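Below: one structure, written as structure tokens.
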Amino acid sequence: MNTVLITGANRGMGRAYVEHYLAQGWRVLAAYRTLKNAESLSEGREALVPLAVDLADEASIVSLGEQLKSHFEDAAIDLVINNAGVSGEQPLGAWTAAEFERQFRVNTIGPALVAQAVAHRLTNGAKLVNVSSGMGSLTENPNITSALDAYAASKAALNLLTRRLAAQLRGVTVVAINPGWVQTEMGGPEAPTDTATAVDRITDTIEKLTPDQSGAFLNDDGSPAAW
């Protein structure tokens with residue numbers, strides 16, 4: 768049985784990833800910020816393993832290793848989807864260190880520490896996907912006048928982290944994927960793509976990933992995204 772670890776599994780695209788991989792017969796390690804209500808989601812579903820992982824809390828991420836050990840000892844992981852993310856608007860003149868830190872902690876530092884926590888469990892041929900954003904593109908940054916400055920910077924940093932991880936995780940295909948504008952709590956109802964369609968596209972892209980793509984920044988359909 769293949770095993771996938773998904774962060775931000777409680778709602779939106781994270782929950783859709785969970786349902787997709789369960790339907791495909793995978794064991795799903797679903798990381799929730801808290802386990803409140805998570806037990807009911809996993810009831811009667813042996814392949815779904817809820818884990819408490821708060822991406823804003825380093826100690827919580829470090830505990831991921833112990834949680835996995837308690838469930839599976841040294842079982843391997845075939846796929847990691849660093850899906851959890853936060854955003855928030857602050858225009859120039861209202862920037863605060865606290866808001867930049869909040870977004871970098873979840874969007875950049877969190878995925879880095881998750882990758883570190885599970886690196887020894889990643890099989891040869893495993894895949895690690897960092898869910899990025901078109902806002903992280905330096906050359907094609909959309910809505911440059913928007914107040915999503917901290918978010919854009921955190922995703923640009925995540926893209927660079929992806930390149931660094933790809934160079935160090937030998938035998939693992941590491942990519943950043945831009946999901947596009949999706950109808951999630953973050954994207955809002957006006958987004959052109961519904962969650963199911965976005966997850967179908969991205970999971971198809973993940974399935975088709977090859978080792979020579981490691982370190983790439985891709986769009987949801989697998990085409991190269993501009994750095």
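The numbering used here numbers the first residue of the sequence shown as 768 and each following residue consecutively.
Cβ atoms here follow ideal geometry from the backbone N, Cα and C, with glycine treated the same way.
From a predicted model like this one, the values you see are computed outputs, not experimental measurements.
Expressed to the nearest angstrom, what Euclidean distance is found between the alpha-carbon atoms of residue i and residue j?
| i | j | result |
| --- | --- | --- |
| Ile844 | Glu868 | 30 angstroms |
| Thr875 | Ala882 | 11 angstroms |
| Val829 | Pro946 | 27 angstroms |
| Tyr799 | Leu905 | 31 angstroms |
| Val898 | Leu815 | 21 angstroms |
| Pro978 | Ala933 | 10 angstroms |
| Leu976 | Gly982 | 11 angstroms |
| Ala963 | Ala783 | 7 angstroms |
| Asn891 | Glu866 | 38 angstroms |
| Gln935 | Leu928 | 11 angstroms |
| Leu831 | Val896 | 18 angstroms |
| Thr774 | Ala861 | 30 angstroms |
| Glu833 | Asn769 | 20 angstroms |
| Arg930 | Val942 | 8 angstroms |
| Ala923 | Val820 | 23 angstroms |
| Ala842 | Thr801 | 23 angstroms |
| Gly903 | Leu985 | 12 angstroms |
| Asp824 | Ser990 | 34 angstroms |
| His838 | Leu772 | 13 angstroms |
| Arg794 | Asp971 | 18 angstroms |
| Ile944 | Ala797 | 19 angstroms |
| Gly781 | Leu789 | 12 angstroms |
| Ile973 | Leu818 | 23 angstroms |
| Thr960 | Leu880 | 30 angstroms |
Buried or exposed for residue i, please, with buried defined as at least 16 other CB atoms from any protein chain shown within 10 angstroms of its CB.
| i | result |
| --- | --- |
| Phe812 | Rather than Phe, the amino acid found at residue 812 in this sequence is Arg. Exposed, by the Cβ-count rule. |
| Ala917 | buried |
| Arg888 | buried |
| His787 | buried |
| Ile911 | exposed |
| Leu859 | exposed |
| Ser827 | buried |
| Arg937 | exposed |
| Asp1025 | Because the chain in this structure spans residues 768 to 994, residue 1025 falls outside the shown range and cannot be described. |
For the candidate residues the options, whose alpha-carbon lies nearest to that of residue i?
| i | options | result |
| --- | --- | --- |
| Val853 | Asp841, Gly892 and Ala919 | Ala919 |
| Phe856 | Leu915, Gln980, Arg930 and Ala992 | First, the residue type needs correcting, since residue 856 is Glu and not Phe in the sequence shown. For Glu856, the nearest C-alpha among the options comes from Leu915. |
| Ala851 | Glu840, Gly832, Gln834 and Val873 | Val873 |
| Leu822 | Met780, Leu789, Lys803 and Phe871 | Phe871 |
| Pro1010 | Gly779, Leu772 and Gly792 | What is shown of the chain runs 768 to 994, which leaves residue 1010 out entirely. |
| Ser921 | Trp793, Thr960 and Gly877 | Gly877 |
| Ala776 | Asp824, Asn849 and Lys836 | Asn849 |
| Ala884 | Thr940, Val847, Ser913 and Thr863 | Val847 |
Bridge partners of residue i, per DSSP?
| i | result |
| --- | --- |
| Phe984 | Ala943 |
| Leu796 | Leu772 and Val816 |
| Pro733 | Not covered by the structure: residue 733. The range shown for the chain is 768 to 994. |
| Thr991 | What sits at residue 991 in the sequence shown is Pro, not Thr. According to DSSP, which records beta bridges pairwise, Pro991 is partnered with Leu985. |
Please confirm if residue i has its CB atom under 8 angstroms from at least one CB of chain B.
| i | result |
| --- | --- |
| Gly775 | No chain B appears in the structure shown, which is made up of a single protein chain. |
Inset, instruction - Give, in chain order, every unbroken run of the beta strand (DSSP E) that is at least 3 residues long and sits entirely within the segment 835-922. - result: If we require 3 residues or more, the beta strand (DSSP E) runs fully inside the segment 835-922 come out as 844-849 and 889-898.
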